[in-house]
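Numbering (my numbering), first residue to last: 29 to 207. What follows is a short report on a single structure.
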Amino acid sequence: MTMMDKVNAKAHSVTSAMFDREAPSYLEATAAYSIIAQGRMNSSVLSIMYNHARDPELRLLVREALEEQNKATIEVCEKILQDNGGELPHFYFQERKLQATPLDIPPDARMTDEEIVLGLATMAKAAQMAILSALHQSYQPNIAMGYHKRLDEGLDFDFRILQLALNRGWLPHLDKVKH
29 MTMMDKVNAK AHSVTSAMFD REAPSYLEAT AAYSIIAQGR MNSSVLSIMY NHARDPELRL
89 LVREALEEQN KATIEVCEKI LQDNGGELPH FYFQERKLQA TPLDIPPDAR MTDEEIVLGL
149 ATMAKAAQMA ILSALHQSYQ PNIAMGYHKR LDEGLDFDFR ILQLALNRGW LPHLDKVKH
């Protein structure tokens, strides 16, 4: 390949990246729509978890899940749909006020910190699987990169959840399999 061929190839790829954008495929749009819908529901659940949590570190993680992880993922997916003329889900769930201190709820009516951390870890894993699936269905680099960034940040966040659970002794004991 001559130098001129390399220049032409690079110019073509830059031009394609700037002007040759296709609308998201049905799979890409459906994945984004589904993630937005689930994320909005997760916001309600996370705010309830936050208000029930007693452990200060757990409260910080739940707040981060709500305000940074969940919100950022919803925004990425909304941008995908809005930039391409897609419609956003038309439903929202009730916004709950995050209380400065844990609510005084009788023990038999509230979630324990152990239940909250395990629920949070399960939600994080489900979100990662949804994002990974959306990433695998994406063929447009700009959409795939948005999902890739959210997946990386989600994996780091999930590690911190599991570290807290391990340090607090909140992970359930699993018996070893004996052969």
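Just so you know, even glycine gets a beta-carbon here, dropped at the ideal spot from N, CA and C.
Of the listed residues the options, nearest to residue i (C-alpha basis)
i	options	result
Ala149	Asn195, Arg82, Phe185 and Leu202	Phe185
Glu95	Ile64, Leu74, Leu183 and Asp141	Leu74
Lys177	Val104, Leu86, Ala128 and Glu85	Val104
Ser71	His207, Arg91 and Glu106	Arg91
Thr58	Gln165, Met151 and Ala93	Gln165
Sequence-distant residues of its chain with Cβ nearer than 7 Å to residue i (five each side left out)
i	result
Leu160	Leu179
Chain-order list of residues whose beta-carbon lies under 8 Å from that of residue i (same chain, five-residue window excluded)
i	result
Arg68	Ile102, Pro117, Phe119, Tyr120 and Phe121
His80	Pro130, Leu131, Ile133, Arg138, Met139 and Ile144
Gln156	Leu179, Gly182, Leu183 and Asp186
Arg124	Ser72, Ser75, Ile76 and Asn79
Contact under 8 Å by Cβ, residue i with residue j
i	j	result
Leu126	Ala60	no
Ala158	Gln66	yes
Asn112	Ala193	no
Ala128	Ile189	no
Cβ-based neighbour list, residue i, same chain, cut-off 6 Å, excluding 5 preceding and 5 following
i	result
Ile63	Cys105 and Ala158
Please go through the segment 127-198 and give each complete alpha helix (DSSP H) segment of 4 or more residues, from N-terminal end onward. If only complete runs of 4 or more residues are kept, the segment 127-198 shows the alpha helix (DSSP H) at 141-165 and 169-196, in order along the chain.
Identify every run of the alpha helix (DSSP H) within the segment 63-133, keeping only runs that are complete inside it and at least 4 residues long; order them along the chain. You should have 84-92 and 99-111.
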